[in-house]
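Each step along the sequence shown adds one to the number in this note's numbering, with nothing skipped, and position 1 is 1. Encoded as structure tokens, the structure appears first; notes follow it.
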Amino acid sequence: MSALQRQRLRRADRLCSGRRVREIMASARRWNGGRVQVWASPSLVSRHRLCVVAPRALGNAVARNHTKRLVREAFRMWRKALPRYLDVVILPKTSASSVAGLAAELERWRGEYGEAQRS
């Protein structure tokens, strides 16, 4: 198995239940960044799980899928640094142009999330 295959998000690492996503969006605390909105809730399983919600306002299917790929890549970069297992829902506000920009924004969210959990 290659290093790239080990890093991919398996089905178990994704939030697939629409019901769970709606619960998180309704009850979890929301963070608004410049490029994304993030909701996070303690995970019901012992792993970080992600759901990317890409609205049609981002563009056609190609643009939405590209943005989702970049968000997933950014999530893979920083998920191990999260303090505990979380279910994370990310809603991009604009089409993403780079993983680095998204990763920086998600890192900023992680820092603020950690501060909020300590207080």
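Yeah, the Cβ is synthetic: ideal placement off N, Cα and C, and Gly gets one too.
| field | Per-residue DSSP class, three states only, for S97 | value | What you label residue 97 is simply residue 97 of the sequence shown in a count that begins at 1. If DSSP states are grouped into helix, strand and coil, S97 belongs with coil.
| request: Sort out for me which residues DSSP pairs V89 with in a bridge. | output: Here residue 89 refers to the residue found at position 89 of the sequence shown. In DSSP, V89 forms a bridge with W39 and C51.
| message | Checking 8 Å against the spacing of the C-beta atoms, do V127 and V38 come in under that value? | response | Here the chain covers residues 1 to 119 and nothing more, so residue 127 does not appear.
| field | Alpha-carbon spacing of A103 relative to W78, whole angstroms | value | Here the question's residue 103 lines up with position 103 in the sequence shown. Here the question's residue 78 lines up with position 78 in the sequence shown. Going by the C-alpha atoms only, they are around 7 Å apart.
| query | Less than 8 Å separating the beta-carbons of T67 and P92? | reply | As a working note, residue 67 is residue 67 in the sequence shown. As a working note, residue 92 is residue 92 in the sequence shown. For T67 and P92, yes; Cβs fall inside 8 Å.
| said: Could you pull the DSSP bridge partners for W31 from this structure? | reply: Taking the sequence shown and counting its residues from 1, one reaches residue 31 at position 31. Partner(s): V38.
| What is the DSSP secondary structure of R20, reduced to helix, strand or coil? | As a first step, residue 20 is located in the sequence shown; it is residue number 20 there, counting from the start. It is helical.
| request: Determine the DSSP secondary structure at R108, reduced to helix, strand or coil. | output: Counting from 1 along the sequence shown, the entry for residue 108 is found at position 108. Looking at R108 - three-state DSSP - the assignment turns out to be helix.
| field | Where R76 falls: helix, strand or coil (DSSP) | value | The residue you call residue 76 lines up with position 76 of the sequence shown. It is helical.
| message | For F75 and V99, what's the separation of their Cα atoms in angstroms? | response | Counted from its first residue, the sequence shown places residue 75 at position 75. Counted from its first residue, the sequence shown places residue 99 at position 99. If you take the alpha carbons of F75 and V99, they lie about 9 Å apart.
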